[in-house]
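In what follows, a single structure is set out as structure tokens and then discussed.
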Amino acid sequence: MTNGKDHLIFSAVPRFAQYILDNHFEEYLYKEIAIARSMEIPLWKKYRDVAAEDLAKNSRAYFTSFLQALATNTVHENLQVNIENYKQDLLKGVTRDLITPEDFILTHAARKKALLSFVCHYSSSSDEIVKIIDEIDMILCHYSVAATDAYVELITKNAEEERSIKDKLFTTSPGFYYIYDLHQDKQVLISERLFDSLGYERFEYAGNSQFFKHIMHPDDLENAVSYFASLKSMKEGEVRFFEYRMRDSKGEYQWMRNYESVYKWNADKTPAQLLGVALDITRERFFTEEIRSKEEALSEAQSLAHMGAYTWDLKNNVLLNFSGSLDSLGISEGRTFSEVMDKVHPSDRKEVLKKFDRALQGKYDFECEYRCIINNRERILWSRGRVSVDNNEPRYFKATVMDVTDRHHMVRKLQRSEQLYKQAQALNKIGNWSWHIDTGRIQWSDELFKIFGLAPQSEKMDYERFLE
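Residue numbers (our numbering): 7 to 474.
Next comes the structure, spelled out in structure tokens:
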């Protein structure tokens with residue numbers, strides 16, 4: 007046997023391999039399949055429900071090429087082809103990610119058993135049998151070493167790629183990553199990008215474990231202490247977050263939100279280190295506060311105007327997303343359509359339903375003024391709304407409601423006052439007029455027309471007509 011760097015030459019195995027090819031190939035093929043299954047090789051679990059005949063059919067070419075390589079002393083070439091196929095993920099019927107070093111070792115052990123089961127059929131010479139065994143051990147050892155080397159090479163390459171991706175994530179993502187040690191109460195992997203973004207020089211924070219707390223807003227420190235204490239009870243897979251303010255180098259405070267999960271555990275299964283990412287949420291907080299302020303102003307304005315809005319879920323027949331000011335109008339979350347309609351004055355109910363049906367048909371927006379009986383009192387409501395459609399079916403009805411009772415009473419008072427005023431003018435033969443100097447138009451009251459013997463509002467009056 008010659009064992010060189012680029013080739014492996016054997017003397018006993020080639021004749022033995024040819025013997026199997028010529029006389030026992032099918033038997034050998036099924037033998038190795040049976041042995042591999044009996045050894046419960048992890049990779050073979052994928053094929054536990056596949057018939058032996060199908061496995062033999064699909065692997066015949068592979069086993070033939072292996073035995074031919076032994077028979078022709080081309081083991082090195084066969085090994086290189088198989089290793090390259092493994093590296094390039096070109097193996098037939100299996101992906102390289104499923105294969106582990108355990109699969110390599112056990113598969114080669116099964117192969118050795120299968121080969122040696124035929125050695126006594128081939129030769130009765132103890133010297134030749136020992137030589138065959140030695141050469142088979144050498145061949146399979148080379149296969150195992152080469153396969154393991156390739157596996158380690160791929161693992162190393164994947165680790166380097168993963169490290170490169172993590173480095174890019176650390177430097178390009180909007181978050182600031184760090185590792186915090188609970189026992190030492192400091193960042194062991196400092197989030198330099200965070201401090202840089204706040205305008206600090208490295209000498210200010212490097213080596214200063216209390217710098218983080220030093221620039222935290224005083225009002226947030228108390229919450230921070232209780233938050234840090236709670237981290238010791240974190241569980242596997244749990245993610246917690248904390249919001250706080252940090253003072254930048256200009257003295258202005260920026261809002262931050264940290265998300266953290268366990269990175270390393272102590273022997274007693276308690277968290278040792280946390281992997282965290284800090285996000286600048288200053289703009290988010292600003293817009294949130296602005297929206298909340300506007301919502302409060304809108305709610306106050308709606309309350310003062312006795313006005314509100316709601317959404318009716320047509321599919322589930324319940325009211326949603328209603329303004330709190332609508333409680334006083336008999337409209338509240340969870341009410342059904344029939345419950346709301348029960349509040350409508352019986353004389354107005356037919357008109358309300360008619361306009362609502364037209365809105366459901368998509369012909370018009372809903373707009374109606376009607377009376378409601380609320381707490382045994384009659385109120386006058388004005389409502390306007392629109393139906394939204396989903397998959398050609400009415401889905402939601404979004405509407406605005408306003409209590410116009412006081413306005414109605416005021417209009418009626420004005421109308422009554424105007425009527426009484428006109429009656430007083432008629433009884434006393436008194437009329438009044440106004441002159442719009444910029445347009446030259448003169449406006450007479452009805453009674454003034456009558457005084458001059460004219461029908462009320464029978465003509466437009468101007469200065470020349472007035473002089474006549």
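Even for Gly, the Cβ is constructed at its ideal location relative to N, Cα and C.
Since this is a predicted model, take the numbers as computed values, not measurements.
If you look at SER267, you'll find it in the beta strand (DSSP E) that goes 259–271.
DSSP, reduced to helix, strand and coil, places LYS98 outside both helices and strands of the structure shown, so it counts as coil.
Assignment of HIS148 by DSSP, reduced to helix, strand and coil, places it in the helix class. In the displayed model, ARG199 falls within a helix according to three-state DSSP. Per DSSP, the continuous alpha helix (DSSP H) segment holding SER236 begins and ends at 224–236.
Contact between LYS93 and LEU160 holds, since their C-beta atoms are separated by about 7 Å, short of 8 Å. Apart from sequence neighbours up to five positions away, the residues of its chain that approach LEU326 with a beta-carbon distance below 6 Å are THR317 and ASP319, ordered along the chain. Note that the C-beta distance between LEU237 and TYR265 is not below 9 Å. Spanning the alpha carbons of GLY314 and ASN229 requires a straight line of approximately 38 Å. Setting aside the 5 residues that flank it on each side, TYR149 is surrounded in the same chain by LEU85 and HIS114, each with a C-beta closer than 7 Å to its C-beta; the list follows chain order.
DSSP places GLN86 within a helical segment (H, G or I) once states are collapsed to three. Bounds of any alpha helix (DSSP H) do not take in PHE403; it lies within the beta strand (DSSP E) bounded by 399–409. The residue from VAL283, PHE218, PHE372 and ASP274 with its alpha-carbon nearest to that of PRO180 is VAL283.
Between SER17 and GLU141, the C-beta spacing is below 9 Å. Distance from the CA atom of CYS378 to the CA atom of PHE343, rounded to whole angstroms, is 14 Å.
In the structure shown, the three-state DSSP call for MET252 is strand. Taking C-alpha positions only, ARG392 is separated from TYR402 by approximately 8 Å. Selection ASN272, MET222, GLY243 and MET240 evaluated against TYR250 yields MET222 as nearest (Cα-Cα).
As a beta-bridge residue in DSSP terms, GLU375 pairs with TRP388. With 16 or more other Cβ atoms from the protein chains shown falling within 10 Å of its own Cβ, GLU38 counts as buried. Assigned with DSSP and collapsed to three states, SER130 falls in coil, not helix or strand. Here ASP55 is exposed, its C-beta having fewer than 16 other C-beta atoms within 10 Å. Nearest Cα to ASN214 within the set LEU387, LEU97, GLU375 and ASP191: ASP191. In this structure, ILE26 places its C-beta atom within 9 Å of the C-beta atom of TYR34. One thing to note: ALA40 has its Cβ no nearer than 9 Å to the Cβ of ALA67. For a cut-off of 8 Å, the C-beta gap from VAL410 to ILE386 is around 5 Å, short enough to register as a contact. The C-alpha of TYR183 is placed about 22 Å away from the C-alpha of ASN272.
Remark: C-beta atoms of LEU49 and VAL100 approach each other more closely than 9 Å. By the C-beta density criterion, VAL151 is exposed, having fewer than 16 other C-beta atoms within 10 angstroms. In the DSSP assignment, LEU73 falls outside any beta strand (DSSP E) and lies within the alpha helix (DSSP H) extending over 58–77. In this structure, the CA atom of ILE380 is about 33 Å from the CA atom of ILE297. As computed with DSSP, ARG246 is found in a beta bridge with GLU266. For ASN397, the closest C-alpha among the options ILE111, LYS321, SER451 and ASP363 is that of LYS321. Residue environment for VAL81: buried (at least 16 other C-beta atoms within 10 angstroms of its C-beta).
If you check the CB distance, CYS126 and ILE135 come in under 9 Å. When the Cα atoms are used, PHE69 and LEU104 turn out to be separated by approximately 20 Å.
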